[in-house]
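Reviewing the structure listed below.
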Amino acid sequence: MSRTAPPVRRAVRTAPLAVTALCAAALALLAVFATARGGAPFPLDTTALDWSVRHRSSPAGITAARAVTASGTGPYPYLCAVVAGLLAGRDLRHRLLAAAGALVFLLAGQAARYGLLAAAARPRPPRADWLTHASGFAFPSGHTTTSAIAAGLLIWGLVRFGRGSDALPGWLRGVLIALLVCWAVAVGLSRVYLGVHWATDVMGGWLFAATWLGLGASFIPPGRPGRPRRARKSHP
Numbered sequence: 003m004s005r006t007a008p009p010v011r012r013a014v015r016t017a018p019l020a021v022t023a024l025c026a027a028a029l030a031l032l033a034v035f036a037t038a039r040g041g042a043p044f045p046l047d048t049t050a051l052d053w054s055v056r057h058r059s060s061p062a063g064i065t066a067a068r069a070v071t072a073s074g075t076g077p078y079p080y081l082c083a084v085v086a087g088l089l090a091g092r093d094l095r096h097r098l099l100a101a102a103g104a105l106v107f108l109l110a111g112q113a114a115r116y117g118l119l120a121a122a123a124r125p126r127p128p129r130a131d132w133l134t135h136a137s138g139f140a141f142p143s144g145h146t147t148t149s150a151i152a153a154g155l156l157i158w159g160l161v162r163f164g165r166g167s168d169a170l171p172g173w174l175r176g177v178l179i180a181l182l183v184c185w186a187v188a189v190g191l192s193r194v195y196l197g198v199h200w201a202t203d204v205m206g207g208w209l210f211a212a213t214w215l216g217l218g219a220s221f222i223p224p225g226r227p228g229r230p231r232r233a234r235k236s237h238p
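Using this note's numbering, read the sequence shown as starting at 3 and increasing by one per residue.
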């Protein structure tokens, strides 16, 4: 048992780095292909946009999409980062430090995304298809990236809070994590539905967020730090 344990532990530790590397490679390839084409849409992009335009006859659906897309920008993702840090800390001091760290992590991710955005310089879909305000270049989608990173931070906070406290049942934590994933996915899809992003812009946003969160996970321990155990006294 002792001979097999170290390789298993190494595999568990390197798996997140491998996934992060795959996401980063996929993001790089997608950015290169989009840039090499002069920002021209892929067949998937035009198909998704055409479908969205054909299915935007419901005012209630458009209103809902606008509400979902609005939750992925402005103060909301940054508030999510602060809440994630407050959940992750084990006492007041650590909560404040974790909240500040999560906020800096999100801001640094935004800075990196802006760099990629300027480098790719991909145009958005035709303005005639827009149903909401948008500005700047398209790849990767800002709303998609920001909401996905914010959701990832909140999941991190919930996992650490759940492991260090009996106040959050496991089933409730699972439901909340599922809702956060659905929220991040919905924000990305709403950008295509409202006509302001190509589908591959959204895919790029998810890949960027996965890469950024993976890099953060390699520096932040996943478990909630607990109190040190008292050494047991040895009896003769």
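Cβ atoms here follow ideal geometry from the backbone N, Cα and C, with glycine treated the same way.
This structure is a prediction, so every number in the text was calculated from the model and none was measured.
DSSP three-state call for L196: helix, strand or coil?
Coil, per DSSP.
Quick one, which of L19, A50, A27, L29 has its alpha-carbon nearest L191's?
Ranked by Cα distance from L191, the first of L19, A50, A27, L29 is A50.
Presumed contact (8 Å Cβ cut-off) between G197 and D131, rounded CB distance:
With a Cβ gap of about 4 Å, G197 and D131 count as contacting.
Per DSSP, what kind of secondary structure is F141 in: helix, strand or coil?
Note: F141 maps to coil in three-state DSSP.
Does the segment 175-195 come within contact of the segment 141-161, defined as at least 3 CB pairs closer than 8 Å?
Yes, they touch.
At a threshold of 7 Å, does T146 count as lining the ligand FMN (C-beta to nearest heavy atom)?
As for the ligand FMN, it is missing from this structure, which has no ligand bound.
L109 versus Y80: straight-line alpha-carbon distance, rounded
Annotation: L109 to Y80 spans about 8 Å, alpha carbon to alpha carbon.
Tell me the DSSP secondary structure of T134 in three-state form.
Correct three-state label for T134: coil.
Here's the rule I'm using: 16 or more other beta-carbon atoms within 10 Å means buried, otherwise exposed. How should T22 be labelled?
Around the beta carbon of T22, 16 or more other beta carbons lie within 10 angstroms, which makes this residue buried.
Enumerate in chain order the residues of its own chain whose CB-to-CB distance from R232 is below 8 Å, with the five nearest sequence positions on each side excluded.
A caution first: R232 carries a pLDDT of 44, below 50, which makes its placement in the model unreliable, though a value can still be read off. If we look at R232 and ignore the five residues flanking it on each side, it has no Cβ neighbours.
How many angstroms separate the CA atom of F107 from the CA atom of L170?
The C-alpha of L170 is placed about 25 Å away from the C-alpha of F107.
Can you tell me whether V189 is buried or exposed, with buried defined as 16 or more other CB within 10 angstroms of its CB?
Under this definition V189 is a buried residue.
Could you say if the segment 84-98 and the segment 66-73 meet the contact criterion of at least three C-beta pairs nearer than 8 Å?
They do not touch, by the three-pair rule.
Taking 7 Å as the limit between beta carbons, can you name the residues of its chain near P43, skipping five residues before and five after?
W200.
Is P77 helix, strand or coil when you go by DSSP?
P77: coil per DSSP, three-state reduction.
Looking at the unbroken alpha helix (DSSP H) that takes in L94, where does it start and where does it end?
94-122 is the extent of the alpha helix (DSSP H) around L94.
Out of T48, Y195, L19, V34, which has the shortest C-alpha to C-alpha gap to A123?
Measuring from the Cα of A123, the nearest candidate turns out to be V34.
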